[in-house]
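First up is the structure itself, then whatever we jot down about it.
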Amino acid sequence: MKDSLISFFGIDEEHARMIDELQEPQRSRKIEELRYWREIKKLEF
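In terms of the UniProt record's numbering, the sequence shown is numbered consecutively and its last residue is 45.
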């Protein structure tokens with residue numbers, strides 16, 4: 001999962017590791033936040 005977080009969201013390895021170590025539902029919430037910010041970035045460019 002860590003590699004997916006790095007490639008899909010463009011976050012660094014340390015943050016991907018920290019998210020990967022979270023337990024559900026915290027992990028899901030964090031991934032939803034990343035999805036939201038990814039969409040915002042698409043709209044800005």
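Each residue gets a CB set at the ideal place from its N, CA and C atoms; glycine is no exception.
*State the CB to CB distance for the pair Leu34 and Phe9, rounded to an integer number of angstroms; the pair is presumed to be in contact (CB under 8 Å).*
5 Å
*Could you tell me the boundaries of the alpha helix (DSSP H) in which Gln26 lies?*
26–44
_If you follow the alpha helix (DSSP H) that Ile11 is in, where does it begin and where does it stop?_
No alpha helix (DSSP H) holds Ile11; DSSP gives it neither H nor E.
*In whole angstroms, what is the alpha-carbon distance linking Arg27 and Glu39?*
19 Å
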